[in-house]
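To convert, take the position in the sequence shown, counting from 1, and add 10; that gives this note's numbering.
Cβ coordinates follow ideal geometry from the N, Cα and C atoms, glycine included.
In what follows, a single structure is set out as structure tokens and then discussed.
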Amino acid sequence: MSSKSTYFIANWKMNGSPKDLIQIKNLDFFIKNRFKKHNKLIVYCPPQPLITYFAKKIRSKNIKFGSQDVSNNNFAFGAFTGEVSSHILKNSGAEYVIIGHSEKRLAGDNYNTIKQKINNANQNKLKIIFCIGESLKENKNKNSLLILKKQILASLEKGLNFKNILFAYEPVWSIGTGIIPSQSYLIKVFSELKKILIRHYSVKSPKLLYGGSVNAQNIQSLKMIPNCNGYLIGGASLTSKNFIDIIQNYYS
Ligand code: PGA
Numbered sequence: 011m012s013s014k015s016t017y018f019i020a021n022w023k024m025n026g027s028p029k030d031l032i033q034i035k036n037l038d039f040f041i042k043n044r045f046k047k048h049n050k051l052i053v054y055c056p057p058q059p060l061i062t063y064f065a066k067k068i069r070s071k072n073i074k075f076g077s078q079d080v081s082n083n084n085f086a087f088g089a090f091t092g093e094v095s096s097h098i099l100k101n102s103g104a105e106y107v108i109i110g111h112s113e114k115r116l117a118g119d120n121y122n123t124i125k126q127k128i129n130n131a132n133q134n135k136l137k138i139i140f141c142i143g144e145s146l147k148e149n150k151n152k153n154s155l156l157i158l159k160k161q162i163l164a165s166l167e168k169g170l171n172f173k174n175i176l177f178a179y180e181p182v183w184s185i186g187t188g189i190i191p192s193q194s195y196l197i198k199v200f201s202e203l204k205k206i207l208i209r210h211y212s213v214k215s216p217k218l219l220y221g222g223s224v225n226a227q228n229i230q231s232l233k234m235i236p237n238c239n240g241y242l243i244g245g246a247s248l249t250s251k252n253f254i255d256i257i258q259n260y261y262s
């Protein structure tokens, strides 16, 4: 992964069908014909059953595919109904995997399962989009930095291949709400995250992403945040029109 790329990562959550290939095709057409010179990487994370189909249809050096989750079981195959291993993902066209999203934490993922998922993905050479973020209550109680530090230290072991990890800061109170943190708050959080990662893991230039209600309007202010290498985008990534508007405004 080039450190200079800007990442636009689409988290489709539980949305999409094979006919939405057209959304990705539109985006592919757009980036091939415009913004050729910009160093950017688009990663689509649709529901798992769509990954292989999309990955086979779209061959682009700027568009990759990822999963929104992975099993915490450390086996390539086995009797784990409903689970999808890193190995299976890797062989299905996924190069990336989102781990630790707040919606999965809410559904039961704890520090330990997240750690296992990260280790499995790391072993199978999937690139990891590791999500961290504080709740509204934690934010109001001014505990954000403590929580972020805990989320990192509790789930990341020292021997990981940090070149393959993207850190997505997604305040839970910002996801799907239309509310984004202030610039000054984000600058502070990003600089603290850098400090934690260098102090505890000697990661000098971590790739930091912001996620939560990113849209074509607020990208104008989000793009000013130093140390921010890209965005994890939910709702606004579902249609090529909205997604293209974000990329266009980022580079304008
Ligand atoms: P949102 O979701 O852009 O719809 O707020 C982001 C995310 O949950 O990753």
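Discussion item. Starting from valine 53, trace the beta strand (DSSP E) in both directions and tell me its first and last residue.
Written reply: Here the question's residue 53 lines up with position 43 in the sequence shown. In the DSSP assignment, valine 53 falls within the unbroken beta strand (DSSP E) covering 50-55.
Practice prompt. Give the DSSP bridge partners of valine 107, in chain order.
Written response: To locate residue 107, count along the sequence shown from 1; it is residue 97. Answer is Ser77 and Ile138.
Fill in: Whole-angstrom distance between isoleucine 142 and leucine 176, CA atom to CA atom
Working through the sequence shown from its first residue, we reach residue 176 at position 166. Working through the sequence shown from its first residue, we reach residue 142 at position 132. Using only the alpha carbons, I get a separation of about 11 Å.
Fill in: Which residues DSSP lists as bridging tyrosine 261, in chain order
As a working note, residue 261 is residue 251 in the sequence shown. Beta-bridge pairing links tyrosine 261 to no other residue.
Fill in: N- and C-terminal bounds of the alpha helix (DSSP H) containing lysine 198
In the sequence shown, the residue the question calls residue 198 occupies position 188. Counting along the chain, the alpha helix (DSSP H) containing lysine 198 begins and ends at 193-211.
Worksheet entry | Boundaries (first-last residue) of the alpha helix (DSSP H) holding isoleucine 157 | In the sequence shown, residue 157 corresponds to position 147, counting from 1. 154-165 is the span of the alpha helix (DSSP H), which, as asked, contains isoleucine 157.
Discussion item. DSSP three-state label for asparagine 101, please.
Written reply: Here residue 101 is taken as the residue at index 91 of the sequence shown, counted from 1. In the three-state reduction of the DSSP assignment, asparagine 101 falls in the coil class.
Discussion item. Using only the alpha-carbon positions, how far apart do lysine 125 and lysine 214 sit?
Written reply: On the sequence shown, position 115 is the one that residue 125 refers to. On the sequence shown, position 204 is the one that residue 214 refers to. For lysine 125 and lysine 214, the distance between alpha carbons rounds to 21 Å.
Discussion item. Does the contact criterion of 3 or more C-beta pairs under 8 Å hold for the stretch 158-176 versus the stretch 88-103?
Written reply: Taking a cut-off of 8 Å for Cβ pairs, the stretch 158-176 and the stretch 88-103 do not touch, as fewer than three such pairs fall below it.
Worksheet item: Run through DSSP, which three-state label would glycine 240 get?
Response: The residue you call residue 240 lines up with position 230 of the sequence shown. In this structure, glycine 240 counts as strand in the three-state DSSP scheme.
Fill in: isoleucine 128: CB within 6 Å of a non-hydrogen atom of the ligand PGA
Working through the sequence shown from its first residue, we reach residue 128 at position 118. Checking the Cβ of isoleucine 128 against the ligand PGA gives no.
Worksheet item: Quick one: what does DSSP say methionine 11 is sitting in, helix, strand or coil?
Response: Within the sequence shown, residue 11 is the residue found at index 1, counting from 1. Because methionine 11 sits at a pLDDT of 38, beneath the cut-off of 50, its placement in the model cannot be relied upon, and the point is left open.
Discussion item. Contact defined as beta carbons within less than 8 Å: I believe proline 181 pairs with glycine 222. What is the distance between those atoms, to the nearest angstrom?
Written reply: Here residue 181 refers to the residue found at position 171 when the sequence shown is read from its first residue. Here residue 222 refers to the residue found at position 212 when the sequence shown is read from its first residue. Proline 181 to glycine 222, Cβ: 6 Å. Contact.
Discussion item. Can you look up lysine 67 in the DSSP assignment and give me helix, strand or coil?
Written reply: For this step, residue 67 is matched to residue 57 along the sequence shown. Here DSSP, grouped into helix, strand and coil, assigns lysine 67 to helix.
Worksheet item: Would the C-beta of leucine 218 count as close to the ligand PGA, meaning under 6 Å from any of its heavy atoms?
Response: By 1-based counting over the sequence shown, the position of residue 218 is 208. Not so, every heavy atom of the ligand PGA lies at least 6 Å from the Cβ.
Worksheet entry | beta strand (DSSP E) segment containing leucine 219, residue limits | Here residue 219 corresponds to residue number 209 of the sequence shown, with the count starting at 1. It spans 217-221 - the beta strand (DSSP E) in which leucine 219 sits, taken as one unbroken run.
Worksheet item: For the beta strand (DSSP E) that contains leucine 176, what are its first and last residues?
Response: Position 166 of the sequence shown, counted from the first residue, corresponds to residue 176. That run of the beta strand (DSSP E) goes 175-179.
Worksheet item: Nearest-angstrom Cα distance between alanine 131 and phenylalanine 140?
Response: To locate residue 131, count along the sequence shown from 1; it is residue 121. To locate residue 140, count along the sequence shown from 1; it is residue 130. Each residue's Cα considered, the two are about 11 Å apart.
Worksheet item: What are the start and end residues of the beta strand (DSSP E) that includes alanine 117?
Response: On the sequence shown, position 107 is the one that residue 117 refers to. Alanine 117 -> no beta strand (DSSP E), and no H or E assigned at all.
Worksheet item: With which residues is phenylalanine 18 paired in a DSSP beta bridge?
Response: Taking the sequence shown and counting its residues from 1, one reaches residue 18 at position 8. As DSSP reads the structure, phenylalanine 18 sits in a beta bridge with Ile52 and Tyr241.
Worksheet item: Got a sec: does the ligand PGA put a non-hydrogen atom nearer than 6 Å to the Cβ of isoleucine 124?
Response: By 1-based counting over the sequence shown, the position of residue 124 is 114. No.
Worksheet entry | asparagine 21: CB within 6 Å of a non-hydrogen atom of the ligand PGA | Counting from 1 along the sequence shown, the entry for residue 21 is found at position 11. Yes, the ligand PGA has a heavy atom inside 6 Å of this Cβ.
Discussion item. Check whether the stretch 34-51 and the stretch 76-92 touch, using three or more Cβ-Cβ pairs below 8 Å as the test.
Written reply: A contact is defined here as three or more CB-CB pairs under 8 Å, and the stretch 34-51 fails this definition with respect to the stretch 76-92.
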